[in-house]
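Protein sequences appear in the order of chains P and U.
Going by the working numbering, the first sequence runs without a break in its numbering and finishes at 200.
Going by the working numbering, the second sequence runs without a break in its numbering and finishes at 897.
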Amino acid sequence: MVTNHETAHMVDHEAEANDRVMFGFWVYLMTDLLMFAVLFAVYAVLHGKTLGGESGRELFSLPLALTGTLILLTSSFTCGIGMIAARGGKKNLTLLWFGVTFILGLAFLGLELYEFTELIHEGHTLRSNAFLSSFFVLVGTHGLHITSGLLWMAITLVYVIRRGLNSHLVRKLALLSLFWHFLDIVWIFIFTIVYLKAFV
Amino acid sequence: MKELLLGKLDGNALPHEWFTIAGSISFILLVIITALIITRLKRWKWLWNDWLTSVDPKKIGIMYFFVSGFMLIRGGLDAIMLWLQQALSSGSSQGYLSADHYQQIFTAHGNIMVFFVAMGFIFGLINYIVPLQIGARDLASPFLNTLGFWLFVAGVVMVNMFFLFGGEYAATGWLAVAPLSGKEFSPGVGVDYWIWSLQISGIGTTLGAINFIMTILKMRAPGMTLWKMPMFTWGSLCSMIMAVTVFPLLTATLFLVFFDRYLGTHFFTTLGGGDPMMYTNLIWMWGHPEVYILMLPAFGVFSEVVSTFSRKAIASYTSNVLGMIGVSVLALSVWLHHFFTMGAGANVNAFFGVMTMIIAIPTSVLVFTWIATMYKGRIRFDTPMLWFLGFVVIFAIGGIAGVMLAVPPVDFQLHNSLFLVAHFHSMVIGGVLFGIFCAITYWFPKFTGLKLNERIGRYAFWCWMIGFCMSFIPMYILGMLGATRRLDHYDASTGWQPFFVLMLIGGIIIAIGVALQLAQILASFIQKNRLRDTTGDPWNGRTLEWATASPPQFYNFTVIPHITTRDAFWEKKHHKLPKPAYEDIHMPKNTAAGIYISIFAFLVGFGFVWEIIWLVAVSIIGIIVVFVVRGFNEHPEYTITAAEVQQLEETRARKDLAVSRPEKHDDTDEDMGLWQLIGIVFGFAKDVIRNKRWRKW
Numbered sequence: 001m002v003t004n005h006e007t008a009h010m011v012d013h014e015a016e017a018n019d020r021v022m023f024g025f026w027v028y029l030m031t032d033l034l035m036f037a038v039l040f041a042v043y044a045v046l047h048g049k050t051l052g053g054e055s056g057r058e059l060f061s062l063p064l065a066l067t068g069t070l071i072l073l074t075s076s077f078t079c080g081i082g083m084i085a086a087r088g089g090k091k092n093l094t095l096l097w098f099g100v101t102f103i104l105g106l107a108f109l110g111l112e113l114y115e116f117t118e119l120i121h122e123g124h125t126l127r128s129n130a131f132l133s134s135f136f137v138l139v140g141t142h143g144l145h146i147t148s149g150l151l152w153m154a155i156t157l158v159y160v161i162r163r164g165l166n167s168h169l170v171r172k173l174a175l176l177s178l179f180w181h182f183l184d185i186v187w188i189f190i191f192t193i194v195y196l197k198a199f200v
Numbered sequence: 201m202k203e204l205l206l207g208k209l210d211g212n213a214l215p216h217e218w219f220t221i222a223g224s225i226s227f228i229l230l231v232i233i234t235a236l237i238i239t240r241l242k243r244w245k246w247l248w249n250d251w252l253t254s255v256d257p258k259k260i261g262i263m264y265f266f267v268s269g270f271m272l273i274r275g276g277l278d279a280i281m282l283w284l285q286q287a288l289s290s291g292s293s294q295g296y297l298s299a300d301h302y303q304q305i306f307t308a309h310g311n312i313m314v315f316f317v318a319m320g321f322i323f324g325l326i327n328y329i330v331p332l333q334i335g336a337r338d339l340a341s342p343f344l345n346t347l348g349f350w351l352f353v354a355g356v357v358m359v360n361m362f363f364l365f366g367g368e369y370a371a372t373g374w375l376a377v378a379p380l381s382g383k384e385f386s387p388g389v390g391v392d393y394w395i396w397s398l399q400i401s402g403i404g405t406t407l408g409a410i411n412f413i414m415t416i417l418k419m420r421a422p423g424m425t426l427w428k429m430p431m432f433t434w435g436s437l438c439s440m441i442m443a444v445t446v447f448p449l450l451t452a453t454l455f456l457v458f459f460d461r462y463l464g465t466h467f468f469t470t471l472g473g474g475d476p477m478m479y480t481n482l483i484w485m486w487g488h489p490e491v492y493i494l495m496l497p498a499f500g501v502f503s504e505v506v507s508t509f510s511r512k513a514i515a516s517y518t519s520n521v522l523g524m525i526g527v528s529v530l531a532l533s534v535w536l537h538h539f540f541t542m543g544a545g546a547n548v549n550a551f552f553g554v555m556t557m558i559i560a561i562p563t564s565v566l567v568f569t570w571i572a573t574m575y576k577g578r579i580r581f582d583t584p585m586l587w588f589l590g591f592v593v594i595f596a597i598g599g600i601a602g603v604m605l606a607v608p609p610v611d612f613q614l615h616n617s618l619f620l621v622a623h624f625h626s627m628v629i630g631g632v633l634f635g636i637f638c639a640i641t642y643w644f645p646k647f648t649g650l651k652l653n654e655r656i657g658r659y660a661f662w663c664w665m666i667g668f669c670m671s672f673i674p675m676y677i678l679g680m681l682g683a684t685r686r687l688d689h690y691d692a693s694t695g696w697q698p699f700f701v702l703m704l705i706g707g708i709i710i711a712i713g714v715a716l717q718l719a720q721i722l723a724s725f726i727q728k729n730r731l732r733d734t735t736g737d738p739w740n741g742r743t744l745e746w747a748t749a750s751p752p753q754f755y756n757f758t759v760i761p762h763i764t765t766r767d768a769f770w771e772k773k774h775h776k777l778p779k780p781a782y783e784d785i786h787m788p789k790n791t792a793a794g795i796y797i798s799i800f801a802f803l804v805g806f807g808f809v810w811e812i813i814w815l816v817a818v819s820i821i822g823i824i825v826v827f828v829v830r831g832f833n834e835h836p837e838y839t840i841t842a843a844e845v846q847q848l849e850e851t852r853a854r855k856d857l858a859v860s861r862p863e864k865h866d867d868t869d870e871d872m873g874l875w876q877l878i879g880i881v882f883g884f885a886k887d888v889i890r891n892k893r894w895r896k897w
């Protein structure tokens, strides 16, 4: 009887901690969003300052950006399915779907790096003008977030393989998936404001 | 090869000017002496286990006080140096500082006072008091809290690092306005130190703020609704919400400055399409709310103190809380009043001018609730109350000056004059710093178990008050006469020198006040038997922190209280307390992860300052590794069983009984006077020398 009571006490304690961490992570995401807000505002101010150089319309490739967008959106979907599997305690399915998410994320990152290197090869670097500075920093910051998300995912998956799906790791995965969806939303804004708007 | 290993760092970077040599030597001596004393007392293990790696918010709070107190003296010395230069440097005399050195001093003074004194003290207070006031045992994330503290320490070290390497701090003013802070105009490492000390401590602040929002919103004792929260907790909540709103802006902006300097981007440069005024906008979008982030917890402190010492509940709790919320919301929409002269146009200036004037309304509501609380209260004039009254006077003067500055045409005259400097010092010293002193005097019994010496405390207060008026009222006048800020030399024909001399004398009186505050703490510890607080409630307090012992057990509350009213403890005192039923308590384990991450973060900053790329790479990997090891540790807590709790409580009770005094002294006049203290210190020194006691040490 006593042990039952104590277990219940522990479960309560853990549920409360979970609730707090989730809430805290939301607050963190909002602070991250504000950082992106600054970068968006800076891009909005500086995107016309090309100093006679080429503007976004000439530099960007819409098919490339659209491919990247679709890949990232799909990865958000697979991440969601992975989360359902994780909550159901299905270890192999979790690994599979998060593995797919990881590969899609990597593909997205590859496309972005390809775009950047192409631009730099053509002599359009972040030193060229204020427009390119703000472009590289805005999109690059998103890319850096994707990179850290991938790193986080890889490490968590290694732990899932080693320790199995315990409540601690499911919580980690839940935070990770929040982060991943958040990056997806930020990307939708980047796609709209940076890429689509350049062709309007 | 050398470039690869050491970047830009070479022999020239070592100190070779009098102030860097003096600074380096004193810092190194301080470290060596501290280390020697700790080794001699065999306290390293104790220091590491009980303090440095502790996740107890009470201990972290105390550590914040130590660091910030130290920085207060460091920044205060800067202030005296500035005043001395201004008092000397009139007409043919150029004073004793070069223009460049003078600029570095006022930059460092501003950064240190805002980031490492005011912020540190405020975070220390929130750490210590908020969990106690809301009836929590620890914070939502104890790890984030220690990490935030150690990042703050890394920032402190970084801001003083220029003494040792580089020899120059930023000479750009505390906000490093663009394009002056760009590589073109500030090629040295000073601005880089500025960037990284603010960046590292700023990220710590964001993490700390997230943590306190989680704690206040999710960990209040059962029954404590938002509208039953103590006012200091309300002030802290408002402040922390503002911090998470604006500190990300600082982080992003600092990164952009960093990119401008390192990667050659064109955000705030004059060339390449950059926009320096965008920097001014971004930095003040953070900078203005920052002042309120400091101010709101101080408002909370004053609300607590005025109601305790008037022995009355605060007049209109609702207006008070709404006032604080109003200030926080409005504070986000006034930043442009810092640069009306930018030329944004009449309508934009009018909007921000009006918003700034409107913010005076919730602030006045607060002041009126305090005054109304005193009305018909049975007021006790203990030192916390003196600090409060001093605050009301100075804050009112500064506030009126602020409303004047909010009128754009007036601002065009007074922009960047000493009038402005006097205004914001009235707010930050009279408001924030007096709030901090008030809070420390008020809660000192909670921190240490003893009340502060009242008599020397009164002397210190009057030194501060008189010194402040002597330094800053002439400053208002000088500003009106046309003296600009950041002035290292002025013409003799202006006739300003007497005012500047008066300001220097005021500064010296303030310095005496600081010395008296240190004496006050020393005297209190000498008379600790007399001043000991065994009740846990020395002021007849109203809120929950006074329900714990002084100092509280590490788990704060044996039993988490159930709250039914505001002023929970006040109500409870008038009913019989139920006998505690002990239960198991879960507490977080100590961790050194915050220290390791901060060391690596410091090295990242240091590496970037000196362009040592391998160091940056290694340190970033280090941060990731520590995060992973810590993040996947599944057992960060331990349990104290009910039996152990009972034992701890009973030991504590026995100890308290043994030291409690037979009769209670309520008359404060028996506190040790200044001369008596000097006599004791002198006698002690004589004893040491005459009996050669140092040999025993």
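Beta carbons are placed, not taken as given, at the ideal position from N, Cα and C, and that holds for glycine.
Every value quoted in this text rests on a predicted model; they were computed, and no experiment measured them.
Residue range of the alpha helix (DSSP H) that includes residue i
i: H168 of chain P; result: 167 to 190
i: E837 of chain U; result: No alpha helix (DSSP H) contains E837 of chain U, which is instead part of the beta strand (DSSP E) from 837 to 840.
i: M787 of chain U; result: Premise fails: M787 of chain U lies in the beta strand (DSSP E), 785 to 788, not in any alpha helix (DSSP H).
i: T470 of chain U; result: From DSSP, T470 of chain U is part of no alpha helix (DSSP H); its letter is neither H nor E.
i: V565 of chain U; result: 546 to 574
i: P584 of chain U; result: 583 to 605
i: T406 of chain U; result: 390 to 418
i: S528 of chain U; result: 517 to 531
i: F802 of chain U; result: 793 to 809
i: D300 of chain U; result: 299 to 311
i: W350 of chain U; result: 342 to 360
i: G435 of chain U; result: 431 to 462
i: G105 of chain P; result: 91 to 121
Per DSSP, cross-strand counterpart(s) of residue i
i: S290 of chain U; result: U:Y690
i: L151 of chain P; result: Answer by DSSP bridge pairing: none, since L151 of chain P is not bridged.
i: R732 of chain U; result: U:L650
i: S617 of chain U; result: U:T684
Own chain residues within Cβ distance below 6 Å of residue i, not counting five before or after
i: A318 of chain U; result: L494, V632
i: T868 of chain U; result: Reliability of the predicted coordinates at T868 of chain U is poor, the pLDDT of 49 falling under 50, and the value obtained from them is presented with this limitation in mind. Excluding residues within five positions, the ones whose Cβ falls inside 6 Å are E654.
i: I795 of chain U; result: W350
i: V2 of chain P; result: Caution applies to V2 of chain P, whose pLDDT of 44 falls short of 50 and renders its modelled position unreliable; the value that the coordinates give is listed next. Closer than 6 Å at Cβ, skipping near neighbours: no residue.
Residue i burial status per 10 Å Cβ neighbour count (16 or more: buried)
i: W875 of chain U; result: exposed
i: W350 of chain U; result: buried
i: P63 of chain P; result: exposed
i: R274 of chain U; result: buried
i: M35 of chain P; result: buried
i: I146 of chain P; result: buried
i: L929 of chain U; result: Because chain U is modelled from 201 through 897, residue 929 of chain U falls outside the range shown and cannot be assessed.
Close Cβ partners of residue i (< 7 Å) along its chain, the five nearest in sequence each way excluded
i: A781 of chain U; result: V759
Contacting residues, own chain, Cβ-Cβ under 8 Å from residue i (five flanking each side not counted)
i: M442 of chain U; result: P489, Y492, I493, L496, S528, A531, L532
i: L722 of chain U; result: L877, V881
i: F754 of chain U; result: D256, K258, M787
Within-8 Å CB hit, residue i to chain C
i: M442 of chain U; result: As a matter of chain content, chain C is missing from the structure shown, whose protein chains are P and U.
Would you call the stretch 740 to 750 of chain U and the stretch 641 to 660 of chain U touching, i.e. three or more CB-CB distances under 8 Å? Contact between the stretch 740 to 750 of chain U and the stretch 641 to 660 of chain U is present, because at least three Cβ pairs lie under 8 Å.
Is the stretch 547 to 564 of chain U touching the stretch 578 to 592 of chain U in the sense that three or more CB pairs, one from each, lie closer than 8 Å? Flag = no, the stretch 578 to 592 of chain U and the stretch 547 to 564 of chain U do not touch.
The stretch 752 to 769 of chain U contacting the stretch 423 to 431 of chain U, beta-carbon criterion three pairs below 8 Å: Yes, since at least three Cβ pairs between the stretch 752 to 769 of chain U and the stretch 423 to 431 of chain U fall closer than 8 Å, the two stretches touch.
How do the stretch 623 to 643 of chain U and the stretch 317 to 337 of chain U stand: do at least 3 beta-carbon pairs fall below 8 Å, yes or no? Taking one beta carbon from each stretch, the stretch 623 to 643 of chain U and the stretch 317 to 337 of chain U have 3 or more pairs nearer than 8 Å; the two touch.
Can at least three beta-carbon pairs, one atom from the stretch 287 to 294 of chain U and one from the stretch 690 to 700 of chain U, be found at a separation below 8 Å? Because the criterion of three Cβ pairs below 8 Å is met, the stretch 287 to 294 of chain U and the stretch 690 to 700 of chain U touch.
Does the contact criterion of 3 or more C-beta pairs under 8 Å hold for the stretch 40 to 57 of chain P versus the stretch 125 to 133 of chain P? Enough Cβ pairs lie closer than 8 Å, so yes.
Any chance the stretch 592 to 610 of chain U sits against the stretch 548 to 555 of chain U, with 3 or more Cβ pairs inside 8 Å? The stretch 592 to 610 of chain U vs the stretch 548 to 555 of chain U: in contact.
Validate contact between the stretch 375 to 391 of chain U and the stretch 476 to 488 of chain U using beta carbons, cut 8 Å, 3 pairs: Result yes; three or more Cβ-Cβ pairs closer than 8 Å.
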